[in-house]
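Here the working numbering is used: the first residue of the sequence shown is 263, the next is one more, and so on.
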Amino acid sequence: MYERILVPTDGSETAERAVEEALGVAEKFDADVQTLYVVDTDAVEVSLGAEQVDRIRAGRFGEMDDLEARAHEATEYVAEQGRERGIDVEEHFRGGQPHRVIANFADDHDVDLVVMGSHGRSGVKRMLLGSVTERVLRSTHRSVLVVDEREAE
Ligand code: ATP
Ligand code: MN
């Protein structure tokens with residue numbers, strides 16, 4: 263039923279919970295797993311300036327050590343968890359508006375299930391869903407599994 267699963271991650275604990283569920287589903291359906299970290303260009307624009315933002319959009323943020331480190335830490339976690347279960351995980355890095363990049367990636371790679379957290383790094387938990395998840399739900403026709411930040415009882 264599912265052949266290709268996408269787990270977008272911002273490195274947050276909630277995203278890590280989503281990783282667990284994504285890998286469980288992948289195991290069951292023998293699906294391949296892609297993980298994607300997006301550098302939010304709107305968020306870094308003020309501090310970095312237009313030129314660096316252009317570089318990030320072009321996927322060349324490897325030159326910016328802190329961004330690269332954060333991105334790798336997030337996706338490496340997914341790859342590591344996958345390895346433990348014998349699942350190959352492909353790591354991807356992009357720059358742009360996270361929800362757009364995630365929805366486009368799902369289309370371009372024929373993803374049939376997106377698994378993501380209800381919340382992320384921002385720490386703002388008053389809303390039912392974080393804005394990235396809410397916008398992904400609004401911008402894709404693909405199936406999305408939203409993993410709640412709270413432990414299941
Ligand atoms: P907000 O960003 O609206 O203040 P939040 O940080 O709590 O709220 P979201 O950003 O919507 O919530 O995060 C929900 C989920 O979306 C995360 O668990 C993760 O799966 C995914 N996600 C969020 N940001 C990114 C990103 N930059 N790259 C990849 N995936 C992301
Ligand atoms: Mn967020």
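Beta carbons: idealized from backbone N, C-alpha and C, even for Gly.
Between Arg388 and His361, the beta carbon gap of about 19 Å keeps them out of contact (Cβ cut-off 8 Å). When Cβ pairs closer than 8 Å are counted between the two stretches, the region 338-345 is seen to touch the region 267-277, the count reaching three or more. With contacts defined by Cβ atoms closer than 8 Å, Leu285 and Ala368 do not form a contacting pair.
If you compare the alpha carbons of Arg266, Met263 and Asp272 with that of His381, the shortest gap goes to Asp272. By the Cβ rule, the region 363-379 does not count as touching the region 313-327, because fewer than three pairs are nearer than 8 Å.
Here the alpha carbons of Tyr264 and Glu346 stand approximately 21 Å from one another.
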